[in-house]
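Here's the structure, in structure tokens; my notes come after.
Numbering (my numbering), first residue to last: 189 to 551.
Dropping the structure here:
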């Protein structure tokens, strides 16, 4: 080896003259040199992470290389089955999508205040994979087929294994970031109407952020003739829905475009909302599960009751015609925020003065 000093160059000068491949040059320009193009490997010594994966029934395929998905073009959403298996992994593309999402922004900088008010890691309130199965949450059909049998118990009062079909559903994102203690929460609620054959379909949807700001609201144009507007509960009428311009596919597209890649969706009996949206999402918190006033797993409290008891806020009032999805989304999110300010057992004991409240009917 000839010393660089013999031809008036330093070692650094010589190294700078070494040719790099175009892909490596592009990686430097994009500041992407610290992460491979495939999903980055999680640290093998992260015991908490591995346990969290096992509890959720998710086995990561380290050889999976997710194809890039361009969601800037308006088209029918496409879901890749590897994503839910790898949904705690992170990609450069997913990071960029998170930063660009305006749903992450609010008129006030509430992120630090929100995190400081959490008494524990918010991920502890996420519905685990086994409960997603038990609570009839929609998940990708192939993932369901691969993992559900070990959780499914025929004695439970839920849809039979063979009767579940989520093959036509789409994901809320093309790919997901790893959920963290700082991942944003969004309250979500839907109202629906009924088509011929008593088939429910999405009528309206609202999504609010942690500051209580309305991030998204849309009426949804029914795909066929509506035979029951269920106005008493939905607040929707023919005149209202006649003004709708968005289809279900438009709503799905909007959510896929703007929802952050590590978003946590919060709702009351959220499985019903996701099914009516024909979508699945990996990170969910369900206030019908998190607040157990009766001490019995099968007896669920109404959102209306929880809101009055814990938030001192009256919703779904008799004076109003139907439910307001924005109001319900806010209430569910505030209940989770309140629980995060206390402990994991908060809201699981029925107050003595409310013994006569009927808690047996699920909303």
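Even for Gly, the Cβ is constructed at its ideal location relative to N, Cα and C.
> In whole angstroms, what separates the C-alpha of residue 365 from that of residue 373?
Replying inline: Put simply, the backbone Cα of residue 365 is about 14 Å away from that of residue 373.
>> Could you check whether residue 475 and residue 494 sit closer than 8 Å to each other, using their CB atoms as the reference points?
In response: Yes.
> Thinking C-alpha only, which one of 521, 461 and 410 is nearest residue 454?
Replying inline: Here the closest residue by C-alpha is 521.
> From 318, 331, 467 and 530, pick the residue whose C-alpha is nearest to that of residue 442; which is it?
Replying inline: When each option's Cα is compared against that of residue 442, the closest is 467.
> Are the CB atoms of residue 326 and residue 426 nearer to each other than 8 Å?
Replying inline: Against a cut-off of 8 Å, the Cβ pair of residue 426 and residue 326 comes out as no contact.
>> I need the DSSP call for residue 367, collapsed to helix, strand or coil.
In response: Three-state result, residue 367: coil.
> DSSP state of residue 412, grouped into three classes?
Replying inline: Three-state result, residue 412: coil.
> Where DSSP assigns a beta bridge to residue 467, which residues make up the other side?
Replying inline: DSSP output for residue 467 lists 358 as bridge partner(s).
> Roughly how far, in whole angstroms, is the beta-carbon of residue 356 from the beta-carbon of residue 518, given that I think they are within contact range, below 8 Å?
Replying inline: Going by Cβ atoms, the distance from residue 356 to residue 518 rounds to 30 Å, so no, they are not a contact pair.
>> Less than 8 Å between C-beta atoms, sequence neighbours within five positions excluded: which residues of the same chain meet that for residue 381?
In response: Correct list, in chain order: 388, 389, 391, 410, 414, 416, 417, 418, 422, 424 and 429.
> To the nearest angstrom, how far is it from the Cα of residue 321 to the Cα of residue 314?
Replying inline: If you take the alpha carbons of residue 321 and residue 314, they lie about 14 Å apart.
>> Just to check my reading of the structure: residue 434 and residue 407 have Cβ atoms closer than 8 Å, yes? What is that Cβ distance to the nearest angstrom?
In response: With a Cβ gap of about 7 Å, residue 434 and residue 407 count as contacting.
>> Which of the three DSSP states is assigned to residue 441 in this structure?
In response: For residue 441, the three-state secondary structure derived from DSSP is helix.
>> In the DSSP assignment, the alpha helix (DSSP H) including residue 524 goes from what residue to what residue?
In response: Counting along the chain, residue 524 sits inside the alpha helix (DSSP H) bounded by residues 513-528.
> Do residue 524 and residue 465 have their C-beta atoms closer together than 8 Å?
Replying inline: Taking the C-beta atoms as reference points, residue 465 is found no nearer than 8 Å to residue 524.
> When the Cα atoms are used, what is the spatial distance from residue 571 to residue 376?
Replying inline: Coverage of the chain is limited to positions 189 through 551, which leaves residue 571 absent and any answer about it impossible.
>> Is it buried or exposed, residue 431, if we count other Cβ atoms within 10 angstroms and call 16 or more buried?
In response: Label assigned to residue 431: exposed.
>> Rounded to the nearest angstrom, what separates residue 531 and residue 371 at their Cα positions?
In response: Straight-line Cα distance between these residues: approximately 19 Å.
> Under a three-way DSSP split, which group does residue 533 fall into?
Replying inline: In this structure, residue 533 counts as coil in the three-state DSSP scheme.
>> Among the candidates 393, 439 and 384, whose CA atom is the shortest distance from the CA of residue 412?
In response: The shortest CA-to-CA distance from residue 412 to any of 393, 439 and 384 is the one to 384.
> Alpha carbon to alpha carbon, how far is residue 257 from residue 437?
Replying inline: Only weak support is given to the placement of residue 257: the predicted model assigns it a pLDDT of 33, under 50, and the question is left unresolved by the model.
>> For residue 499 and residue 335, I'd like the C-alpha separation in whole angstroms.
In response: So the two alpha carbons sit approximately 38 Å from each other.
> When DSSP labels each residue in this structure, what does residue 318 get in the three-state scheme?
Replying inline: It is helical.
> In terms of alpha-carbon separation, which member of 444, 446 and 516 lies closest to residue 457?
Replying inline: Scanning 444, 446 and 516 for the CA closest to the CA of residue 457 turns up 516.
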